[in-house]
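Start counting at 1 in the sequence shown, then tack on 4, and there's your number in the working numbering.
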Amino acid sequence: MIYLDNNATTPLDPKVCEKTSWFLREHFGNPSSLYPIGRDARELVTEARQIIASALGAGRSEIIFTGSGTESDNFALRGVFDAFPDKDELITSAIEHPAVIETASYLERQGKKVTYVPVDTFGRIDLEALKAALSPRTALISVMHSNNEIGTIQSISEISRIAKESGTLVHTDAVQSFGKIPVDVDALGVDLLSISAHKVYGPKGVGALYIRKGTRIQPLIYGGHQERQLRSGTENTAGIVGFGEAVRILGERSEEDNERIAGLAARLKQGIEDEIPKIHFNGPEAERVKSTLNFSFPGLEAEAILLALATKDIYVATGSACSEDSEEVSHVLNAIGMRPEFARSTLRISLGRFNTEDDVDTVLRELPEIVRKLREISAFDPDLD
Ligand SMILES: Cc1ncc(COP(=O)(O)O)c(C=O)c1O
5 MIYLDNNATT
15 PLDPKVCEKT
25 SWFLREHFGN
35 PSSLYPIGRD
45 ARELVTEARQ
55 IIASALGAGR
65 SEIIFTGSGT
75 ESDNFALRGV
85 FDAFPDKDEL
95 ITSAIEHPAV
105 IETASYLERQ
115 GKKVTYVPVD
125 TFGRIDLEAL
135 KAALSPRTAL
145 ISVMHSNNEI
155 GTIQSISEIS
165 RIAKESGTLV
175 HTDAVQSFGK
185 IPVDVDALGV
195 DLLSISAHKV
205 YGPKGVGALY
215 IRKGTRIQPL
225 IYGGHQERQL
235 RSGTENTAGI
245 VGFGEAVRIL
255 GERSEEDNER
265 IAGLAARLKQ
275 GIEDEIPKIH
285 FNGPEAERVK
295 STLNFSFPGL
305 EAEAILLALA
315 TKDIYVATGS
325 ACSEDSEEVS
335 HVLNAIGMRP
345 EFARSTLRIS
355 LGRFNTEDDV
365 DTVLRELPEI
375 VRKLREISAF
385 DPDLD
């Protein structure tokens, strides 16, 4: 199998698997219990929290574990609005993940005003439009660090600088950037930041929200007193311990991995561009997470290419894995100004830790042939478009 959909999810690192299995076998205690087996579980959760906090340049008490990146995003947006009843405006971007877009639209239904700041053809947010939208009533700016479909990296530190002038809080969804590019909460200047374990070779169903000390926020989930009363419910202890292990491994090898992955991605990109005529690369050349490659193949349905690749055991995504089961065209591709028929021809290839030179060779052998055959049977002539 050649797995090239690492932005959708990543394979569990074997060491994470080992640590999680060990934990599940040896530690069933409830971390809230005062006796030794509870204390042991609590200590392991604390250790994971410390590893994750250090990786983000944060303090341990600033990390709240959640059930997913989606929950972290919901918590950040709804939690801030619940804490600031006197403010009723949110600024976000047109290319956020549905976890933010749908929460923003929920807030709109609650009577809040939401500004979706546009982006240019490379997916870069219009900072002047963001500045123009800011008002004393703005409770929060939420802009993703890097985009899951086209990899565009936003200048979050610049956004934070603008926000600080008016005392507005800043949240960033760093689910796709964490582990791939440096993510430091002070360098970014953010008050809230979301991450998710399964994008960094950790288990599914566990995420975290960084909340800068002193930030006013209300919980999303009420109940027991877990997570400093900000996220009740008995912790997903095995998931958290696995998340910690995954982040510990990032510290050991992500720099080297990312350099190697960037090299593989660059070779794959060049090979595809050399071998397949009349395609279009989407996203910026420079300010991009290098492991994300997004191409349009005008005249073809991306799904047909995806399925043909799958018969060769090569797994990629169409425009966005998050909208894979939807007929709708990706809102990200729409926001960068792509026509719907063009968007429907778009494929996302995202590389990760376990990809090899051989994987790149195989894709470069199979993909041009698949595209050539599909074009032969397609009525569309890209020259006439
Ligand atoms: C940018 C971004 N934010 C949030 C999420 C949601 O994370 P999770 O799958 O942990 O809910 C994803 C997952 O695709 C993502 O890419």
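All C-beta atoms, glycine included, are put in the ideal place defined by N, C-alpha and C.
If you measure from the CB of Met5, is any heavy atom of ligand 1 nearer than 8 Å?
no
On a CA-only basis, which of Ser146, Ala314, Gly246 is nearest Val49? Give me that one, please.
Gly246
Return the bridge partner residues of Asp9 from the DSSP annotation.
Ser354
Closer than 8 Å to a non-hydrogen atom of ligand 1 - does that hold for the CB of Asn151?
yes
Take Glu87 as the anchor and find which of Pro281, Leu173, Ala191 has the nearest alpha-carbon.
Inspection of the sequence shows that residue 87 is occupied by Ala rather than by Glu. Among Pro281, Leu173, Ala191, the Cα nearest to that of Ala87 is on Leu173.
Since Tyr205 and Leu16 are thought to touch, with beta carbons under 8 Å apart, how far apart are those beta carbons, to the nearest angstrom?
6 Å
With a CB to CB cut of under 6 Å and the five nearest residues on each side skipped, what residues in its chain are close to His284?
Ser300
Among residues of its own chain, excluding the 5 on either side of Gln54, which ones have a beta-carbon nearer than 6 Å to its beta-carbon?
Arg64
Is the distance from the Cβ of Val375 to the Cβ of Ile225 below 9 Å?
no
List the DSSP bridge partners of Val118.
Leu94
Spatially closest choice to Gly356 from His175, Ile265, Lys23, Gly171, by CA coordinates
Ile265
I need the DSSP call for Ala319, collapsed to helix, strand or coil.
It is Tyr, not Ala, that sits at residue 319 in the sequence shown. It is a strand residue.
Cut-off 7 Å between Cβ atoms - residues of its own chain near Ser327, not counting five sequence neighbours on either side:
A caution first: Ser327 carries a pLDDT of 48, below 50, which makes its placement in the model unreliable, though a value can still be read off. Contacts found: Ser334.
Nearer than 8 Å: is that true of the beta carbon of Asn10 relative to any heavy atom of ligand 3?
Only ligand 1 can be found as ligands here, which leaves ligand 3 out of the picture.
Flag Gln180 as yes when its Cβ comes closer than 8 Å to any non-hydrogen atom of ligand 1, and as no otherwise.
yes
Given 8 Å as the limit, tell me if Thr74 has its C-beta closer than that to any heavy atom belonging to ligand 1.
yes
Identify whether Ser139 lies in helix, strand or coil by the three-state DSSP scheme.
coil
Which listed residue (Thr296, Leu297, Tyr319) has its alpha carbon closest to that of Glu307
Tyr319
Can you give me the C-alpha to C-alpha distance between Lys377 and Arg141, rounded to a whole angstrom?
56 Å
Can you find a C-beta in chain C that's less than 9 Å from the C-beta of Glu239?
No chain C is part of this structure, which consists of one protein chain only.
Using the three-state DSSP reduction, which class does Ile99 fall into: helix, strand or coil?
coil
Under 9 Å between C-beta atoms of Ala321 and Ser354:
yes
Bounding residues of the alpha helix (DSSP H) (the contiguous stretch that carries Thr241):
241-279
As a quick exercise: from Glu51, Val293, Leu134, pick the residue whose alpha carbon is nearest that of Gly267.
Val293
Hey, quick one: how far does the alpha helix (DSSP H) through Ser161 stretch, first residue to last?
160-169
Does the Cβ-Cβ distance between Phe69 and Leu111 come in under 9 Å?
no
Enumerated in chain order, which unbroken segments of the beta strand (DSSP E) with a length of 3 residues or greater are wholly contained in the segment 171-210?
173-177, 196-200
Taking 8 Å as the limit between beta carbons, can you name the residues of its chain near Lys217, skipping five residues before and five after?
Gly63, Ser65, Glu66
Does the beta-carbon of Ser295, which I'm using as the reference point, lie nearer than 8 Å to any heavy atom of ligand 1?
no
Going by beta-carbon coordinates alone, are Gln114 and Ser150 separated by less than 9 Å?
no
Leaving out five residues before and five after Glu231 in sequence, what residues of the same chain have Cβ atoms less than 7 Å from its Cβ?
Ile68, Phe69
Name the DSSP beta bridge partners of Gln144, please?
What sits at residue 144 in the sequence shown is Leu, not Gln. Leu144 pairs with Leu94, Leu173.
Using the Cβ count rule (16 or more neighbours within 10 Å means buried), how would you classify Arg369?
exposed
Among Leu81, Glu289, Gly303, which one has its Cα closest to the Cα of Leu297?
Glu289
Does DSSP classify Ile391 as helix, strand or coil?
No statement about residue 391 is possible, as the shown extent of the chain runs from 5 to 389 and does not include it.
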